[in-house]
Structure formats: structure tokens, C-alpha cells
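Just so we're aligned, residue 8 is where the sequence shown starts under the numbering used here, counting upward by one. Even glycine gets a Cβ: it sits at the ideal position worked out from N, Cα and C. Everything on this sheet refers to the single structure shown next.
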Amino acid sequence: MTQSELKEFLDEKVILYNNPKFIDSDPIQIPHSFTLKEDIEISAFLSATIAWGNRKMIINNAKRLMNIMGNSPYDFVMNHQENDLEPLSNFVHRTFNAIDAVYFIKSLQNIYQNHKGLETVFAKNQETTSLQKSISEAKKVFFELEHPQRTTKHFSDPMNGSAAKRINMFLRWMIRQDNAGVDFGIWKSISPSAVSCPLDVHSGNVARKLGLLTRKQNDAKALLELDTNLRKLDPIDPSKYDFALFGLGIFEKF
8 MTQSELKEFL DEKVILYNNP KFIDSDPIQI PHSFTLKEDI EISAFLSATI AWGNRKMIIN
68 NAKRLMNIMG NSPYDFVMNH QENDLEPLSN FVHRTFNAID AVYFIKSLQN IYQNHKGLET
128 VFAKNQETTS LQKSISEAKK VFFELEHPQR TTKHFSDPMN GSAAKRINMF LRWMIRQDNA
188 GVDFGIWKSI SPSAVSCPLD VHSGNVARKL GLLTRKQNDA KALLELDTNL RKLDPIDPSK
248 YDFALFGLGI FEKF
């Protein structure tokens, strides 16, 4: 395929998969159950954090987490007492457990009390075509409180070579201006042009078959290569192609 043919092919797949029907089978449904900005971003951040493994299990466990928080995540984060955290003692999703969940709640409280919220934290250190430095610096803020060492693995750092798939997915949800109503676009201080396409096994395999990616590992270097090639197709909204790559991989077994 020529570059123009590839763009036409992928743009058609974006239209096919970037629509409200996508929400019902995706963890993005969790933040879609809220209307307050802070509820949306906190529920999205927590849902994205546990978004690996079986999708049905991800959604069920994210719903369970919201239930524990009284389905008012911002209010819970800001006003919880120690005894309110006790129901988290039985929470587990894969390797993310109660210890991690409790720290995440406390860190989010610190971010909203002392750093003006998640958007402000991620908006710092942004570059024109990358948020990877922003993610790395945001991680430092996230773990500025005393924390269990084990919990740091649940917030990926691109500067340590990670593709940071779940954080990039969360940022796509928050930043991308989506006329189809899937992504929220509620963070106005960061340009959609800087958002990366979340890179995982499925999107990576499809990208390689389409010649968008040559690197074999799904790491930070691979993400940079994929980003560079997707920005040639659409420099304004490159992360929209996540819908195409994901749909081709998951639904079409491309």
C-alpha cells in the first residue's frame, strides 16, 4: 500500500470503530458513567491503571472499585477517612492489590489538594509531539508521598523504556477531541497532537503487518517509531488510529 492508500484504509477503520458502540465493551465505559470532570478523570485513571488482562474482568473490577468509592470517586478521594479504606482490603486485580489501591487513593488526594489535579500534573513538561516526558515527571509527583515500593510498577515510566500503554490510553481518553463521543477531550491544556497511540500486543502486531512498525519489542522506542509514522498520516490527531489498530487486531484478527 502507498501512504495515501494506507491512510484511507486506516481512516475508514477509525470511522468503523470510533463510535459509541465501542464504549459498551471497553473500560472507557467506567468514566462514561460520570459527568463531573474530576469524577471522570479519577475513574478513568483508576480504570486505565488496571486495564490489562481479560476485558470483562477489567470492567467488573473497575466497577467494583467505583462501588467501594460510593460511585463518587472525587468526593471519596478528597474526603475519605481511614476506615473508609477498609473495604479496599479485599480488592485485587491481577497484581494490583489493596496496598496499591490505598496508595493510589492517597496520592490522588495529594494531587488534587496540592498540585491542582491530574490535568495540571500531566500538562507540565509536555513537548510538541510527545507526552512521554510528562508521564515520567507525573510519576515522580505521584510517588512523592511515602509509598510501598511494589506500587511503583503500576505507573509506567517511558524514560525507563516502557511503552506506558495504559497511561497513554488514559491520556487519549482525556485529551483527544472526539466528535464521535468516545474519548472525552475534557483536558484543554494539552494538544491532541501530542497524544501517543497506546501500544500493546494487538496494536503492535497490526502496526508491524501494515509497515508502521519494525521494532520487535513493544517498548518506548517502538512507541516513538509508531508515533512518528502515525503523525505522517494525521499530525493533528494521531492517536485516533488506536481505534483502527485495535479494531483490526481484536475484532478482525488482522
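Reduced DSSP secondary structure (H/G/I, E/B, other) of residue i
i	result
residue 209	helix
residue 39	helix
residue 45	helix
residue 104	strand
residue 249	helix
residue 60	coil
residue 259	coil
residue 221	coil
residue 146	helix
residue 11	helix
residue 80	helix
residue 26	coil
residue 112	helix
residue 66	helix
residue 34	helix
residue 118	helix
residue 94	helix
residue 124	coil
residue 241	coil
Rounded distance between the beta-carbons of residue j and residue i, thought under 8 Å
i	j	result
residue 85	residue 119	6 Å
residue 36	residue 65	That belief does not hold up - the Cβ atoms of residue 36 and residue 65 are roughly 10 Å apart, past 8 Å.
residue 173	residue 58	5 Å
residue 21	residue 239	At roughly 15 Å, the Cβ-Cβ gap does not stay under 8 Å, so residue 21 and residue 239 are not in contact.
residue 152	residue 48	19 Å between Cβ atoms; not a contact.
residue 203	residue 230	6 Å
residue 149	residue 162	6 Å
residue 7	residue 205	Because the chain spans 8 through 261 in this model, residue 7 falls outside it and cannot be assessed.
residue 25	residue 189	6 Å
residue 187	residue 133	Not quite, the Cβ-Cβ distance comes to about 25 Å (not below 8 Å), so this is no contact.
residue 98	residue 177	Not really, about 19 Å apart at Cβ, beyond 8 Å.
residue 217	residue 13	6 Å
residue 245	residue 234	7 Å
DSSP bridge partner residues for residue i (one or two, in chain order)
i	result
residue 134	137
residue 99	104
residue 226	169
Residue-chain proximity (residue i, chain D), Cβ-Cβ < 8 Å
i	result
residue 8	Annotation note: the requested chain D is absent from the structure, which comprises a single protein chain.
The ligand FMN heavy atom lying under 7 Å from the CB of residue i
i	result
residue 239	Because no ligand of any kind appears in the structure shown, any question about the ligand FMN cannot be addressed here.
* Taking 8 Å as the threshold, find out whether the stretch 145 to 156 comes into contact with the stretch 82 to 94 through three or more Cβ pairs. => no
* Asked: Do the stretch 20 to 32 and the stretch 241 to 257 make contact, defined as three or more Cβ pairs closer than 8 Å?
  -> yes
* Unbroken stretches of the alpha helix (DSSP H), 4 residues or longer, contained in the stretch 151 to 217 -> 172 to 182, 208 to 216
* Asked: So, do the stretch 219 to 229 and the stretch 75 to 83 have three or more beta carbon pairs nearer to each other than 8 Å?
  -> no
* Asked: Pairing CB atoms from the stretch 191 to 211 with CB atoms from the stretch 165 to 183, are three or more of them under 8 Å?
  -> yes
* Cβ pair count under 8 Å reaching 3, the stretch 97 to 106 against the stretch 148 to 161 -> yes
* Asked: Below 8 Å, can you find three or more Cβ-Cβ pairs linking the stretch 129 to 139 to the stretch 195 to 208?
  -> yes
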